[in-house]
Amino acid sequence: MNNREVRVRFAPSPTGPLHMGGVRTALFNYLFARKNHGKFILRIEDTDQTRYVDGAEDYILASLKWCGIELDEGIEEGGPYGPYRQSDRKEIYKEFAERLIEAGHAYYAFDTPEDLEAMRERLKEQKSSVQQYNALTRSEMKNSLTLSEDETNKLLEESPFVVRFKMPEDQEVVVEDIVRGTVKVNTNQLDDKVLFKSDGMPTYHLANVVDDHLMKISHVIRGEEWLPSLPLHVMLYRAFGWEETMPEFAHLPLLLKPSGKGKLSKRDGDALGFPLFPLEWTDPKTGEVSRGYREDGYFPEAFVNMLALLGWNPGTEKEILSMRDLISSFDIEKVHKSGAKFDHEKAKWFNHKYLSSRSDEKLARLYQEILRDKGIKVEDSYAISVVKLIKERVTFVSEFWDQSYFFFQAPTEYDAKVVKKRWKEQTPEILSELKEQFEKLENFDHTTLEKAVQDFLEGKEFGMGQVMNPLRLTLVGAGIGPGVLDIAELLGKEETLKRIQAGIDNIKK
Ligand code: GLU
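Going by this note's numbering, the sequence shown opens with residue 147, and the numbers climb by one from there.
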């Protein structure tokens, strides 16, 4: 790496909600910037007005915020190289397009869609391998290279035009990509891309290269889908005379379907039941709602941790990595070339890990919100004790209730399947006796209860299961939950005895 200041950018187009692949691109840029004490910049690339979607820009900002990806420069933060929204930089691009024309690297073209179609047909008939605007075909088309200056000026006044790049003939473009290695293309395989459109807006290629240059971007880290544009971008840097300060490039591997076959798509998410977007998104046109990791109950730290390991890893066994860990171990040179398979189960595993390592107090605060919505009021200390018992057993906070409702309400019915399996003829008698033992206890903690049960079982011809399973049924109403004596301890003596009695009275085979 050369010693210029590290400046990287995330440059999304606001054409819809940010896909998790886009978040990963932002994340890798951010990690790289922080690791190298550089700057992370957000640039909104909204020059394609036909694809602009209302709300997408806000969605991008909110997503980055939720993930804890902080911007140094951007549309809200400002910075020395603004504005950071391309539609606010419109005037800049025109000048640069004109510069290329003056230097003979670009030209005006006036072809109508019909003209272009006719060219394609003609080439097809001639069985030509090229079917595009390039060094071989441009001389037959309607542009400032084939028309006289007067004709050109007249058409510039009268009709729509675009500016095209004049791709030189037979030049080798060789560029080192940090991830992909050497990329080599001959310009004969490239076409005269449109740089500037008739609506007065630049295309992605022109705006992207001009802005990366003006914003002094040192490294372009972006998705693999942009790799085919790389040779054109290199040619643009050459044409502008900016090759010396051209950024380095790193194209990140695709996110693949869980099966590993093909690119991860929204359809996979719908079919297999996982979100593709960080936050929920409502399509402003159709009203269609797409699920988000946030709304599905993921912690942002878990989501970020999971994403960071798609296409990269620190080369150690350690998988649980905080943002700080990720920054200190991130190495762009170690990003994988091949696609990264997305694994939904692994995403859940990360969330479980983050959840179970959260403090009981923090989790209890989240649980209190759920309880409050259900109209249940309990002391914080009680919620903390409940959470402590169940947090190893769940993946999401939203599962707390199903794992612990019985701490807040006595059973009113009993799971028929469990009754059938666990409630034997002698069970009422066994439980009555056990209840008598429990009544005598002064302390009602787990250790005392365990001792009481052991004493109770001594010399009897029935075993632990014949006591504990029906006991659980009376306390919970079902066969679920944490250790049954932990449940009894937390419910307390009075409530436990009450529930055992209610079970004896009400459970019928
Ligand atoms: N605007 C492009 C996108 O939407 C940016 C690609 C790049 O980073 O150069 O992904």
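All residues carry an ideal CB built from backbone N, CA and C; glycine is no exception.
{"Check": "Opening and closing residue of the beta strand (DSSP E) in which Arg310 lies", "Outcome": "Val308 to Phe311"}
{"Check": "CA-to-CA distance, Pro460 to Asp477, given in whole angstroms", "Outcome": "8 Å"}
{"Check": "Exposed unless 16 or more other CB atoms sit within 10 angstroms - verdict on Met147", "Outcome": "In this prediction, Met147 scores a pLDDT of 48, lower than 50, which makes its location untrustworthy; the coordinate-derived value is nonetheless stated afterwards. Exposed: under 16 other Cβ atoms inside 10 Å."}
{"Check": "Rounded separation between Gly214 and Val152 - CA only", "Outcome": "20 Å"}
{"Check": "For Gly438, the three-state DSSP class (helix, strand or coil)", "Outcome": "strand"}
{"Check": "Contact test: Ala661 Cβ vs the ligand GLU heavy atom, cutoff 7 Å", "Outcome": "Past the edges of the chain, shown from 147 to 655, lies residue 661, and the structure says nothing about it."}
{"Check": "Same chain only: Cβ atoms within 6 Å of Thr541, ignoring 5 sequence neighbours per side", "Outcome": "Lys494, Asn497 and His498"}
{"Check": "Buried versus exposed call for Glu447 [16 or more other C-beta atoms within 10 Å across all chains shown]", "Outcome": "buried"}
{"Check": "Given Lys362 as reference, the closest of Gln555, Lys654 and Ile187 once Cα atoms are compared", "Outcome": "Ile187"}
{"Check": "Distance cut-off 7 Å: Arg368 Cβ against heavy atoms of the ligand MG", "Outcome": "Only the ligand GLU can be found as ligands here, which leaves the ligand MG out of the picture."}
{"Check": "Beta-carbon spacing of Leu425, Ala157 below 8 Å", "Outcome": "no"}
{"Check": "Rounded separation between Ala252 and Leu246 - CA only", "Outcome": "5 Å"}
{"Check": "Reference Glu491; option with closest CA among Gly415, Gln555 and Ser550", "Outcome": "Gly415"}
{"Check": "Straight-line Cα distance separating Met381 from Glu538", "Outcome": "56 Å"}
{"Check": "Trp372 CB to nearest heavy atom of the ligand GLU below 7 Å", "Outcome": "yes"}
{"Check": "Cβ-based neighbour list, Ile522, same chain, cut-off 6 Å, excluding 5 preceding and 5 following", "Outcome": "Phe554"}
{"Check": "Val319 in three-state terms, based on DSSP", "Outcome": "strand"}
{"Check": "Backbone secondary structure at Ala486 - three-state DSSP", "Outcome": "strand"}
{"Check": "Beta-carbon proximity list for Pro314, same chain, < 6 Å, skipping 5 on both sides", "Outcome": "Thr333"}
{"Check": "Euclidean distance between Cα positions of Ser373 and Val329", "Outcome": "In the sequence as displayed, the identity of residue 373 is Leu instead of Ser. Straight-line Cα distance between these residues: approximately 9 Å."}
{"Check": "Cβ contact check for the segment 388-401 and the segment 505-512: 3 or more pairs under 8 Å", "Outcome": "no"}
{"Check": "Gln647 to Gly623 span [Cα, whole Å]", "Outcome": "13 Å"}
{"Check": "CB contact flag (Ile367, Phe590, <8 Å)", "Outcome": "no"}
{"Check": "Interface flag, Met313 vs chain D, CB-CB below 8 Å", "Outcome": "Checking the listed chains, one finds no chain D in this structure; it contains a single protein chain."}
{"Check": "Contacting residues, own chain, Cβ-Cβ under 6 Å from Trp388 (five flanking each side not counted)", "Outcome": "His359"}
{"Check": "Beta bridge counterpart(s) of His397 as assigned by DSSP", "Outcome": "Arg368"}
{"Check": "Nonlocal neighbours in the same chain, by C-beta distance under 8 Å from Asp192, ignoring five residues either side", "Outcome": "Ser159, Pro160, Tyr198, Glu203, Arg231, Gln232 and Ser233"}
{"Check": "Helix, strand or coil at Gly402 according to DSSP, with G and I counted as helix", "Outcome": "In the sequence as displayed, the identity of residue 402 is Leu instead of Gly. It is a strand residue."}
{"Check": "The segment 442-457 touching the segment 474-488, judged by at least three CB pairs closer than 8 Å", "Outcome": "yes"}
{"Check": "Which listed residue (Lys563, Gly611, Val630 and Thr573) has its alpha carbon closest to that of His592", "Outcome": "Val630"}
{"Check": "Helix, strand or coil at Asn652 [DSSP, three-state]", "Outcome": "helix"}
{"Check": "Asn280 Cβ short of 7 Å to the ligand GLU heavy atom set", "Outcome": "no"}
{"Check": "Cβ contact (3+ pairs, closer than 8 Å) linking the segment 272-279 and the segment 301-308", "Outcome": "no"}
{"Check": "Reference Pro399, options Asp471, Lys480, Asn451 and Arg511, closest by Cα", "Outcome": "Lys480"}
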